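Enquirer: Note that our numbering has the sequence shown beginning at 3, numbered continuously upward. Got a structure for you, written out below as structure tokens; questions coming shortly.
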Amino acid sequence: MRIIDQAEMRRQQQYSEQVSNCLTAFRAETGFSRRFWTQTFGCQLNENDGEKIAGQLTEMGYLPAEEIREADIIVLNTCSVREHADDRLFGHLGHMKKLKKDKPDLLIIVCGCMMKQPEHVTRIEQHYRYVDIVFGPQDIHRLPELLYHRLTEEKKQYLVGDEDTLAEGLPVRRVRHYRALCSIMFGCNNFCTYCIVPYTRGRERSRTPQNILDELRQLKESGYREVMLLGQNVNSYGRDRQADQDGDFSRIQDFADLLEHAADIGFYRVRFMTSHPKDISTKLLQVIARHSNIERHLHLPLQSGSNRVLRLMNRQYTRGQYLVIVRQARQLIPDLAVTTDLIVGFPGETEEDFADTLDLMRQVRFTNAFTFLYSKRSGTPAADMPDQVEGQVMHRRFNELVDLQNEHALQSNQQWLGQVVDVLVEGASRKEEQIFSGRTSQNHLVNFTIEPAKLPGRFLRADGLIDGAALEGSIARIRISESKTFSLGGALEGWQA
3 MRIIDQAEMR
13 RQQQYSEQVS
23 NCLTAFRAET
33 GFSRRFWTQT
43 FGCQLNENDG
53 EKIAGQLTEM
63 GYLPAEEIRE
73 ADIIVLNTCS
83 VREHADDRLF
93 GHLGHMKKLK
103 KDKPDLLIIV
113 CGCMMKQPEH
123 VTRIEQHYRY
133 VDIVFGPQDI
143 HRLPELLYHR
153 LTEEKKQYLV
163 GDEDTLAEGL
173 PVRRVRHYRA
183 LCSIMFGCNN
193 FCTYCIVPYT
203 RGRERSRTPQ
213 NILDELRQLK
223 ESGYREVMLL
233 GQNVNSYGRD
243 RQADQDGDFS
253 RIQDFADLLE
263 HAADIGFYRV
273 RFMTSHPKDI
283 STKLLQVIAR
293 HSNIERHLHL
303 PLQSGSNRVL
313 RLMNRQYTRG
323 QYLVIVRQAR
333 QLIPDLAVTT
343 DLIVGFPGET
353 EEDFADTLDL
363 MRQVRFTNAF
373 TFLYSKRSGT
383 PAADMPDQVE
393 GQVMHRRFNE
403 LVDLQNEHAL
413 QSNQQWLGQV
423 VDVLVEGASR
433 KEEQIFSGRT
443 SQNHLVNFTI
453 EPAKLPGRFL
463 RADGLIDGAA
473 LEGSIARIRI
483 SESKTFSLGG
493 ALEGWQA
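Rendered as structure tokens:
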């Protein structure tokens with residue numbers, strides 16, 4: 003791992019200033035400002051990367067575009083986990099051709115995890131020659147340099163380095179007003195046989211506790227009420243740096259220590275993901291139990307309930323060990339919601355293996371689950387395994403699994419009927435502007451109504467309706483009157499602005 007030093011960051015800052023000078027000259031000549039549009043695919047880690055890209059573009063002087071056709075720069079920040087992510091990217095790139103034809107000076111940037119896979123970069127070079135800049139997730143900090151050379155030399159800039167890097171201090175343009183994302187580590191050392199992430203994001207690289215806590219304190223001072231700590235496997239935080247004994251890692255040894263310090267900063271709510279079952283500790287569960295502002299939600303990917311399939315996946319735990327973790331977690335944290343990831347149709351999965359998964363689901367009764375059909379990823383060991391499951395069989399099993407999980411989710415939600423819950427308000431519904439939504443500590447989505455008379459005037463528009471944007475980040479007490487498979491419904495009982 004290479005930690006980006008201050009000299010390199012100063013070099014990038016100089017490029018940023020030079021790009022800013024180019025934009026200033028353009029604005030003086032034309033009277034127009036250059037604008038950017040970003041679209042991120044994939045997980046919260048990708049979203050946080052997208053916020054850093056937007057932050058750098060803003061610092062250089064670009065303004066956000068209201069719609070894609072206004073943009074002078076379009077950034078597609080890619081994900082490589084699922085096959086349909088590839089399809090989505092190249093589908094979007096196909097649409098870019100007309101935009102580029104209508105606006106020849108439009109710059110198109112493709113970055114993110116997919117750009118660490120040579121076959122995708124080659125495909126772009128051969129079939130999407132109007133793409134101007136390509137770089138991987140480890141090279142986000144070099145965006146000013148790449149952009150400056152593209153603007154001044156009119157040459158395409160392709161940078162797909164192999165070195166795992168860690169850059170601190172990048173500007174961030176955050177998507178939400180109430181919740182901030184904070185990546186505590188990057189990469190993964192687990193090498194699950196179906197997963198491409200270790201090959202695209204590299205080995206685990208932990209940020210220092212001091213840098214993380216400084217960022218969290220700044221977020222708290224800026225008014226953020228919720229923070230989400232991110233990593234491919236947060237439970238292994240710090241293991242790559244403990245040998246340094248630099249004082250920072252001597253007082254904060256692991257993720258449980260870091261989480262406790264984060265909770266003590268005073269956020270209304272601290273979330274985290276994702277946890278790997280093989281690394282979760284009793285110490286971590288005890289920390290969650292001690293701090294009421296740590297979410298009562300544990301996302302614990304299972305992937306399969308079959309010991310045989312778990313071995314083929316290289317998950318490094320058994321179904322029995324998984325059940326012990328869940329039971330201990332619920333004993334220590336009685337109001338805990340447990341969610342998971344499940345893969346159907348992994349190579350070699352038999353009917354007996356699939357039955358084991360359904361059996362474990364019935365024992366755990368997950369609140370929610372992200373369910374996936376196995377997707378072959380080139381470059382992973384599973385892609386070359388024998389006994390690939392036929393599509394028809396895979397879809398039948400998938401439908402059976404989803405039906406069972408939906409049954410469990412609905413039953414779980416029905417337990418909340420009549421109760422009053424605290425909800426961190428995320429804003430107005432996209433479909434109905436006077437229906438509002440937010441999430442509980444258990445990560446339940448709650449849609450609710452509000453009588454305008456119950457709110458202070460600062461939350462109302464001139465027409466007397468409620469201003470959803472003004473409510474973001476507020477705490478509402480909602481009485482639950484409706485339960486659905488994927489959400490709860492209710493009405494406002496009380497308010498904490």
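For each residue, glycine too, the CB sits at the ideal point set by N, CA and C. These numbers were taken from a predicted model, which means no experiment stands behind them.
Among T195, R4 and S306, which one has its Cα closest to the Cα of T352?
Expert: Considering only alpha carbons, the answer is S306.
Enquirer: Go ahead and label A182 buried or exposed: buried means 16 or more other beta carbons lie within 10 angstroms of its beta carbon, across all protein chains shown.
Expert: Buried, since its Cβ has 16 or more Cβ neighbours within 10 Å.
Enquirer: Have a look at T341 and R36 and give me their C-alpha separation to the nearest angstrom.
Expert: Going from the Cα of T341 to the Cα of R36 covers about 43 Å.
Enquirer: Taking 8 Å as the cut-off, decide whether the C-beta atoms of A371 and Q407 are in contact.
Expert: In contact: A371 and Q407 (Cβ atoms closer than 8 Å).
Enquirer: Please tell me whether T195 and M315 are closer than 8 Å, where the distance is taken between their beta carbons.
Expert: Their beta carbons are under 8 Å apart, which means T195 touches M315 by this criterion.
Enquirer: Assuming R321 and L362 are in contact, meaning their beta carbons sit under 8 Å apart, how far apart are those beta carbons, in whole angstroms?
Expert: Between L362 and R321 the Cβ distance is about 6 Å, and since that is below 8 Å, they are a contact.
Enquirer: Go ahead and pull the three-state DSSP assignment for M230.
Expert: M230 falls in the strand class under three-state DSSP.
Enquirer: Hey, quick one: how far does the alpha helix (DSSP H) through G393 stretch, first residue to last?
Expert: G393 to Q416 is the span of the alpha helix (DSSP H), which, as asked, contains G393.
Enquirer: Which runs of the beta strand (DSSP E), 3 residues or longer, sit entirely within the segment 54-132?
Expert: As far as the segment 54-132 is concerned, its whole beta strand (DSSP E) runs of at least 3 residues are 75-80 and 109-114.
Enquirer: Going by other Cβ atoms of all chains shown within 10 Å of its Cβ, with 16 needed for buried, is E434 buried or exposed?
Expert: So E434 ends up on the exposed side.
Enquirer: Within a Cβ cutoff of 6 Å, which residues of the same chain sit near I345, ignoring the five residues on either side of it in sequence?
Expert: Excluding positions up to five away in sequence, the list reads Q305, F374 and Y376.
Enquirer: To the nearest angstrom, how far is the alpha carbon of C184 from that of G240?
Expert: Spanning the two alpha carbons is a distance of roughly 15 Å.
Enquirer: Just to confirm, is the Cβ distance from M116 to T167 under 8 Å?
Expert: No, the Cβ-Cβ distance between M116 and T167 is not below 8 Å.
Enquirer: Is N309 helix, strand or coil by DSSP?
Expert: Note: N309 maps to helix in three-state DSSP.
Enquirer: Exposed or buried, what is Q140 when buried is set at 16 or more other beta-carbons lying within 10 Å of its beta-carbon?
Expert: So Q140 ends up on the buried side.
Enquirer: I believe G440 touches A478 by the beta-carbon criterion, under 8 Å. Please report the beta-carbon distance rounded to the nearest angstrom.
Expert: The Cβ separation is near 6 Å, so the contact holds.
Enquirer: Under the DSSP definition of a beta bridge, which residues are partnered with Q41?
Expert: The partner list for Q41 (beta bridge, DSSP) reads L78.
Enquirer: Checking the sheet assignment: what are the DSSP bridge partners for D343?
Expert: According to DSSP, D343 bridges with F372.
Enquirer: Compare the beta carbon distance of G44 and V174 with 8 Å and say whether it is the shorter of the two.
Expert: No. Outside cutoff.
Enquirer: Mark A411 as exposed unless 16 or more other C-beta atoms lie within 10 angstroms of its C-beta, in which case mark it buried.
Expert: Buried, by the Cβ-count rule.
Enquirer: Below 6 Å CB to CB, which residues in the same chain sit around Q498 once its five sequence neighbours on both sides are set aside?
Expert: Correct list, in chain order: I477.
Enquirer: How long is the line joining the alpha carbons of S384 and T26, rounded to whole angstroms?
Expert: For the sequence presented, residue 384 should be read as Ala rather than Ser. Computed Cα separation, rounded: 51 Å.
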